[in-house]
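Engineer: Pasting in a structure now, in structure tokens, and then I'll have a few things to ask.
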Amino acid sequence: DQAKELSSGFNIETGNMNLVQGLFLNNSNEYFSNKLVRQAVYYATDRSEIQSIVSGGKGQIIGSFMFHGFGKYFNEEVVNMYDYNTEKAKELLKEAGYEDGFEFTIKIPNNYQFHISTGEVIVEQLKKVGIKANIELIDWNEWLEDVYAGRKFDATIIGFDSVLAPNDLMRRYVSDNDKDMCNYKNEEYDKCYKKALATTDEDEKVSLYKQMQKILAEDAASVFIQDPPLLVAVNKKISGYKFYPVYVQDIASLKMD
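Residue numbering for the sequence shown follows this note's numbering, beginning at 52 and increasing consecutively.
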């Protein structure tokens, strides 16, 4: 909305926030400990619709716990693994023993309207397959204490950033890591992570990180949504603005026209 207001006096440049936004699922939850249920929730989530409603159609869809800014490490092949499919979601729920659906709570920090709006869209989408999701807004300190540290949640919506080292993100799903707030457990994933840290062969490292993204996607460890858009208003007298996958503003590239 702000970009539309400024568009007459500024050029609106569009980049990415370099975040992994997702509906993060507690894999120790009664329902989400079942892979079929997690997959059903993924199929029932229309990420393109979320982008259209919440992001103005901008941003980049992701399929695992990594964003495009990681370049060669990013696994493009998993992006469309769970294209929106309500019938497939219903089939999986039936197979899992939840043909009549179930109910759970999404805890969202009350200071992030972007994530709240995303949650509101997801609630309506899940209704179509018989799943009732309730949004509980909590303050940031409570989220840090109860959700992030305490792991007392069914699901949450947040965005994770990272330094430009793939292990910084991927460690959050290693079973013995204190960052594994989703209580995810997968021996193959853990082994790949250790190998990726140990190897000095860059090609092997890239291959391992891509394999880890595939494992997370196949397991539907969470519902990975998008790298949200970053909009920057630039004076029309200025050209050469560049986006980087880190939080910098490179003034050296700018020119006054």
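Every residue gets a Cβ at the ideal spot worked out from N, C-alpha and C, and that includes glycine.
Quick caveat, the model's predicted, so the values are computed rather than measured.
#1: For the beta strand (DSSP E) that contains E187, what are its first and last residues?
#2: Between Q300 and G60, what straight-line distance do the alpha-carbon atoms span, to the nearest angstrom?
#3: State the Cα-Cα distance for the pair P217 and G181, rounded to the nearest angstrom.
#4: What are the boundary residues of the alpha helix (DSSP H) that includes F165?
#5: Given this structure, state the Cα-to-Cα distance separating D212 from N69, to the nearest angstrom.
#6: Which residue's Cα is closest to the Cα of Q264: V283, A249, Y244?
#7: Exposed or buried, which one is Q164 when buried takes at least 16 other CB atoms within 10 Å?
#8: Please state whether the Cβ-Cβ distance between V71 and F125 is less than 8 angstroms.
#9: Specify the secondary structure class of I104 as computed by DSSP and reduced to three states.
#10: Please report the distance separating the alpha-carbon of M232 from that of S273.
#11: What's the gap between the Cα of N286 and the Cα of Y295?
#12: Do L74 and I208 count as a contact pair if the criterion is CB distance below 8 angstroms?
#13: Can you tell me whether E150 is helix, strand or coil according to DSSP?
#14: Looking at the structure shown, is G73 part of a helix, part of a strand, or coil, going by DSSP?
#15: Please report the Cβ distance between I157 and N185, rounded to the nearest whole angstrom; I am assuming they are in contact, meaning their Cβ atoms lie under 8 angstroms.
#16: Check whether the Cβ atoms of A247 and Y260 lie closer than 8 angstroms to each other.
#17: From A206 to Y298, what does the alpha carbon distance come to, in whole angstroms?
#18: On a Cα-Cα basis, can you pick out the residue from K55, N237, E81, K293 that is closest to S106?
#19: Assuming L320 is part of the alpha helix (DSSP H), what are its boundary residues?
#20: Please list the segments of the alpha helix (DSSP H) lying wholly inside the segment 235-282, counting only runs of 4 or more residues, in order along the chain.
#21: Going straight from the alpha carbon of V172 to that of R202, what length do you get?
#22: Note down the Cα distance separating G110 from S103, rounded to an integer number of angstroms.
#23: Applying the criterion that 16 or more other CB atoms from any shown protein chain within 10 Å of the CB defines a buried residue, is M307 buried or exposed?
#24: In this structure, what does DSSP give as the bridge partners for P160?
#25: For V214, count the other beta carbons within 10 Å of its own beta carbon; 16 or more makes it buried, fewer makes it exposed. Which is it?
#26: Look at the alpha carbon of D151 and the alpha carbon of S290, and state the distance between them as a whole number of angstroms.
#27: Sort D252, L188, P160, H119 by Cα distance to G66 and report the nearest one.
Structural biologist: Answer, in terms of the structure:
#1: In the sequence shown, counting from the first residue as 1, residue 187 sits at position 136. Unbroken beta strand (DSSP E) run through E187: 183-189.
#2: Position 249 of the sequence shown holds residue 300. Position 9 of the sequence shown holds residue 60. The alpha-carbon atoms of Q300 and G60 are separated by roughly 21 angstroms.
#3: Counting from 1 along the sequence shown, the entry for residue 217 is found at position 166. Counting from 1 along the sequence shown, the entry for residue 181 is found at position 130. Whole-angstrom Cα-Cα distance: 37 angstroms.
#4: In the sequence shown, the residue the question calls residue 165 occupies position 114. Its alpha helix (DSSP H) spans residues 164-178.
#5: For this step, residue 212 is matched to residue 161 along the sequence shown. For this step, residue 69 is matched to residue 18 along the sequence shown. Going from the Cα of D212 to the Cα of N69 covers about 6 angstroms.
#6: Here residue 264 corresponds to residue number 213 of the sequence shown, with the count starting at 1. Per the Cα distances, Y244.
#7: As a working note, residue 164 is residue 113 in the sequence shown. Label assigned to Q164: exposed.
#8: As a first step, residue 71 must be located in the sequence shown, where it is residue number 20. As a first step, residue 125 must be located in the sequence shown, where it is residue number 74. Cβ atoms of V71 and F125: not closer than 8 angstroms.
#9: Looking up residue 104 in the sequence shown gives position 53. Residue state, collapsed to three classes: helix.
#10: As a working mapping, residue 232 is identified with position 181 in the sequence shown. As a working mapping, residue 273 is identified with position 222 in the sequence shown. The alpha-carbon atoms of M232 and S273 are separated by roughly 11 angstroms.
#11: As a working mapping, residue 286 is identified with position 235 in the sequence shown. As a working mapping, residue 295 is identified with position 244 in the sequence shown. For N286 and Y295, the distance between alpha carbons rounds to 19 angstroms.
#12: Within the sequence shown, residue 208 is the residue found at index 157, counting from 1. Within the sequence shown, residue 74 is the residue found at index 23, counting from 1. Contact: yes.
#13: The residue given as residue 150 occupies position 99 in the sequence shown. DSSP places E150 in coil when its eight states are reduced to three.
#14: The residue you call residue 73 lines up with position 22 of the sequence shown. It is a strand residue.
#15: Taking the first residue of the sequence shown as position 1, residue 157 is located at position 106. Taking the first residue of the sequence shown as position 1, residue 185 is located at position 134. That belief holds up - the Cβ atoms of I157 and N185 are roughly 7 angstroms apart, short of 8 angstroms.
#16: Taking the sequence shown and counting its residues from 1, the one referred to as residue 247 is at position 196. Taking the sequence shown and counting its residues from 1, the one referred to as residue 260 is at position 209. Cβ atoms of A247 and Y260: closer than 8 angstroms.
#17: By one-based count along the sequence shown, residue 206 stands at place 155. By one-based count along the sequence shown, residue 298 stands at place 247. Their backbone Cα atoms lie some 28 angstroms apart in a straight line.
#18: Mapped onto the sequence shown, residue 106 falls at position 55. Selected option, being the one with the closest Cα: K55.
#19: As displayed, the chain neither begins before 52 nor continues past 308, which places residue 320 out of reach and without an answer.
#20: 238-249, 253-270
#21: Walking along the sequence shown from the start, residue 172 turns up at place 121. Walking along the sequence shown from the start, residue 202 turns up at place 151. Each residue's alpha carbon lies about 24 angstroms from the other.
#22: Indexing the sequence shown from 1 puts residue 110 at position 59. Indexing the sequence shown from 1 puts residue 103 at position 52. Approximately 10 angstroms between the Cα atoms of the pair.
#23: What you label residue 307 is simply residue 256 of the sequence shown in a count that begins at 1. Exposed is the call here.
#24: Counting from 1 along the sequence shown, the entry for residue 160 is found at position 109. I189, per the DSSP bridge assignment.
#25: To locate residue 214, count along the sequence shown from 1; it is residue 163. So V214 ends up on the exposed side.
#26: Along the sequence shown, read from residue 1 onward, the residue named residue 151 stands at position 100. Along the sequence shown, read from residue 1 onward, the residue named residue 290 stands at position 239. Near 56 angstroms, if we compare the C-alpha coordinates of S290 and D151.
#27: Position 15 of the sequence shown, counted from the start, is the residue given in the question as residue 66. Closest by alpha carbon: H119.
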